[in-house]
Amino acid sequence: MEWRHLNRLTRLYFSGLPKLNSLPVGLQHVTTLETLSIRNCENLKTLPRWIGNLISLKWFTIDNCLNLKSPPDEMRDLSSLQMLRIINCPELQRRCEKETGQDWGKIAHITTDYPFANDGLILWDAIKQWVSDYVNHYYPEPSLVQSDGELQAWWTEVRTKGHADKKDEPWWPVLKTPENLIHILTTIIWVTAGHHAAVNFGQYMFAGYFPNRSTIA
Numbered sequence: 001m002e003w004r005h006l007n008r009l010t011r012l013y014f015s016g017l018p019k020l021n022s023l024p025v026g027l028q029h030v031t032t033l034e035t036l037s038i039r040n041c042e043n044l045k046t047l048p049r050w051i052g053n054l055i056s057l058k059w060f061t062i063d064n065c066l067n068l069k070s071p072p073d074e075m076r077d078l079s080s081l082q083m084l085r086i087i088n089c090p091e092l093q094r095r096c097e098k099e100t101g102q103d104w105g106k107i108a109h110i111t112t113d114y115p116f117a118n119d120g121l122i123l124w125d126a127i128k129q130w131v132s133d134y135v136n137h138y139y140p141e142p143s144l145v146q147s148d149g150e151l152q153a154w155w156t157e158v159r160t161k162g163h164a165d166k167k168d169e170p171w172w173p174v175l176k177t178p179e180n181l182i183h184i185l186t187t188i189i190w191v192t193a194g195h196h197a198a199v200n201f202g203q204y205m206f207a208g209y210f211p212n213r214s215t216i217a
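Using UniProt numbering, read the sequence shown as starting at 1 and increasing by one per residue.
This is the structure:
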């Protein structure tokens with residue numbers, strides 16, 4: 001199977017596969033995957049190190065995989081992961097026990113302890129869909145993005161003036177396609193709203209209460 005061509009796959013379930021001893025190597029290329037469930041795969045002994053390539057993974061369930069003992073260090077790379085469920089895997093559960101488990105540090109980044117974090121991630125999806133509708137209407141082709149002088153000037157100003165101290169960093173996204181524009185706009189909108197609500201939850205309990213914000217009433 002040419003896994004790298006499955007660029008719209010978001011959910012994948014492995015269930016009742018007693019002979020499965022490793023995940024398909026090609027799965028590492030399915031970076032759109034958001035939900036992964038592995039159930040009743042008794043012969044599965046390890047998760048691959050490339051699991052960290054699944055950068056869109058949000059929900060991960062491991063159920064009744066009795067020989068699976070320890071998660072790889074690359075679990076730390078799953079920055080989008082919101083929920084990890086480990087069921088009927090005694091040794092894996094013991095090693096991943098909160099605070100005390102030997103492998104707790106590999107999964108401690110999962111956002112279950114932040115009450116607004118999941119809401120922030122849901123807002124990302126909603127904002128991205130809203131932005132996509134607009135961008136796909138006005139910029140259906142890459143050539144329209146590249147030829148819009150005002151748009152390109154705006155992005156240059158953001159990078160070279162808005163963040164002059166970081167303007168030469170290699171991680172700046174390019175602006176050549178509708179997909180580039182969708183990602184850039186979604187990030188800007190989300191960082192100023194959903195991201196702050198997600199990570200600054202201590203102050204949001206107060207500041208997010210409408211009677212305390214009379215200026216927007």
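For every residue, glycine included, the Cβ atom is placed at its ideal position computed from N, Cα and C.
Predicted, not measured: the structure shown is a model, and the values here were computed from it.
Residues of the same chain with a CB within less than 6 Å of the CB of isoleucine 110, apart from the 5 flanking positions on each side, are Leu81 and Leu84 in chain order.
In the assembly as shown, tyrosine 13 is an exposed residue. Its beta-carbon has fewer than 16 other beta-carbons within 10 Å. Per DSSP, the unbroken alpha helix (DSSP H) holding isoleucine 184 starts and ends at 178-191. In the same chain as leucine 17, and ignoring 5 residues on each side of it, the C-beta atoms closer than 7 Å to its own belong to Cys41, in chain order.
With three or more CB-CB distances shorter than 8 Å, the region 167-182 counts as touching the region 133-143. Less than 8 Å separates the beta-carbon of threonine 31 from that of asparagine 53.
Taking the Cα of tryptophan 59 as reference, the smallest distance to any Cα among Pro48, Ile189, Leu68 and Leu33 is reached at Leu33.
Contact between threonine 177 and valine 145 holds: their C-beta atoms lie close to 6 Å from each other, under 8 Å.
For arginine 39, the secondary structure class from DSSP, reduced to helix, strand or coil, is strand.
In this structure, the beta-carbon distance from cysteine 65 to leucine 78 does not fall below 8 Å.
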